[in-house]
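Start counting the sequence shown at 758; every next residue gets the next number (the numbering used here). Backbone N, C-alpha and C fix where the C-beta goes; we use that ideal spot for every residue, glycine too.
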Amino acid sequence: MRAQEDETRAKLNEKDEDLDSAADARKQLKNDLSDLNDKLVNMEEELFEAKNIQLDLLDQTKALEEKCSLAEEKIHELLDVNEMLEKNQAVYIAKKNDRIDKTLSSYLNKFPEREKLKIMFLRESEGVYQFGQKRVYIKIEKGDQIFVRVGGGFMHIEEFIHLYTAGEVDRIERKDIVQRFHN
758 MRAQEDETRA KLNEKDEDLD SAADARKQLK NDLSDLNDKL VNMEEELFEA
808 KNIQLDLLDQ TKALEEKCSL AEEKIHELLD VNEMLEKNQA VYIAKKNDRI
858 DKTLSSYLNK FPEREKLKIM FLRESEGVYQ FGQKRVYIKI EKGDQIFVRV
908 GGGFMHIEEF IHLYTAGEVD RIERKDIVQR FHN
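What follows is the structure, encoded as structure tokens:
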């Protein structure tokens with residue numbers, strides 16, 4: 758019986774050790790679980806902060822896109838204003854006391870197809886102008902109608918510009934080419 762009692766005590770001690778070991782393991786698991794819960798809470802807080810930062814960045818991006826859009830609109834507006842100013846900029850400035858020159862200046866500065874005005878009128882004296890290499894005579898009739906003397910008659914200035922500009926441009930370009938070869 759004593760042997761049986763000793764055996765039972767040994768089994769009880771073994772079971773107590775198993776219980777103590779299980780209690781230690783349980784305590785360790787609780788600590789691990791607590792650590793993991795703390796890490797999870799920290800990660801959730803970091804995720805929350807990251808999402809807030811992401812929302813702030815998204816708001817900033819939208820604000821910058823709006824500013825960019827406004828800047829692009831302003832650029833286009835300024836380009837339009839610049840183009841308008843270039844179109845309205847005086848191309849020809851008249852001599853003060855010359856009615857023909859003032860009328861010619863007004864006409865040239867309001868000319869709708871400025872890019873076609875590649876040759877300008879240079880005043881030599883009242884009514885006498887140089888147009889490219891041509892010397893022309895200009896007169897004003899019927900109010901502010903400008904006529905240019907061509908050959909034996911006169912033609913309206915608009916017709917004159919359309920007929921003679923291309924030829925004068927060609928002459929000047931040929932003259933430039935010839936001068937380049939001589940130099």
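Compute the Euclidean distance between the alpha carbons of residue 764 and residue 770, then round it to the nearest angstrom. Straight-line Cα distance between these residues: approximately 10 Å.
Which one of 796, 926 and 855 has the shortest CA to CA distance from residue 881? Distances from the CA of residue 881 to each of 796, 926 and 855 were compared; the closest alpha carbon is that of 855.
Answer yes or no: do residue 850 and residue 863 have a C-beta to C-beta separation smaller than 8 Å? Taking 8 Å as the Cβ cut-off, residue 850 and residue 863 do not qualify as a contacting pair.
Separation of residue 836 from residue 885, as counted between CA atoms: Going from the Cα of residue 885 to the Cα of residue 836 covers about 38 Å.
What's the C-alpha gap between residue 792 and residue 773? About 28 Å.
So, using beta-carbon positions, are residue 865 and residue 848 closer together than 8 Å? One thing to note: residue 865 has its Cβ within 8 Å of the Cβ of residue 848.
For residue 896, which residues from the same chain have a beta carbon less than 6 Å from its beta carbon, with the 5 sequence-adjacent residues on both sides left out? Excluding sequence neighbours, residue 896 sits near 904.
Hey, how far is the Cα of residue 821 from the Cα of residue 807? Between residue 821 and residue 807, the C-alpha separation is close to 20 Å.
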